[in-house]
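**Q** Convert by adding 7 to the 1-based position in the sequence shown; the result is the number in my numbering. Even glycine gets a Cβ: it sits at the ideal position worked out from N, Cα and C.
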Amino acid sequence: MVIEYAGTVIRAVLTDKREKYYDSKGIGCYMFRIDDFDVVDATMQGNAARFINHSCEPNCYSRVINVDGRKHIVIFALRKIYRGEELTYDYKFPIEDDDSKLHCNCGARRCRRYLN
């Protein structure tokens with residue numbers, strides 16, 4: 008385990024409203040979906056995990072684990088990570104139509120060119 012993605016757990020139906028609010032205030036939004044019902048919003052109350060970037064060739068991966076009936080998002084290492092090396096994981100965004108594609112800038116040799 009590298010780090011838990013910490014923040015406030017909110018209902019998934021509230022994410023669009025929060026994203027619009029953060030955008031209207033010029034605040035960068037950091038959210039991670041736990042499942043179809045819950046999302047961790049790390050925008051205002053989170054930890055360093057919210058700053059881990061996407062890569063198509065990551066050195067970490069994320070998992071939702073259950074501890075005493077509560078779901079947690081945890082980042083694990085895929086391999087040995089060296090001092091000073093950036094932590095990355097694959098965001099695995101849902102596939103979107105061509106008009107909604109988000110360009111990827113990870114720089115990996117096998118970059119898929121899009122996050123979704």
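Go through its chain and collect everything with a Cβ distance to V9's Cβ below 7 Å, but skip five positions before and after it.
**A** Here the question's residue 9 lines up with position 2 in the sequence shown. If we look at V9 and ignore the five residues flanking it on each side, its Cβ neighbours are C67, I82, F83, A84 and L94.
**Q** Check the DSSP bridge columns for N66 and list the partner residues they point to.
**A** For this step, residue 66 is matched to residue 59 along the sequence shown. N66 is not bridged to any residue.
**Q** Please report how far the alpha carbon of I41 lies from the alpha carbon of V71, in whole angstroms.
**A** Translated into the one-based positions of the sequence shown, residue 41 becomes position 34. Translated into the one-based positions of the sequence shown, residue 71 becomes position 64. Their backbone Cα atoms lie some 7 Å apart in a straight line.
**Q** Of all the options D43, R25 and D105, which has the alpha carbon lying nearest to the alpha carbon of T50?
**A** Counted from its first residue, the sequence shown places residue 50 at position 43. Taking only the C-alpha atoms, the option nearest T50 is R25.
**Q** Can you tell which of D97, V47 and R116 has the C-alpha that lies nearest to the C-alpha of I59?
**A** If you number the sequence shown from 1, residue 59 lands on position 52. Of D97, V47 and R116, the residue nearest in Cα terms is D97.
**Q** Looking at the secondary structure, which residues open and close the beta strand (DSSP E) in which T15 lies?
**A** Here residue 15 is taken as the residue at index 8 of the sequence shown, counted from 1. Here the beta strand (DSSP E) through T15 covers T15 to R18.
**Q** Check F44 in the structure and name its three-state DSSP category.
**A** Numbered from its first residue, the sequence shown carries residue 44 at position 37. Coil.
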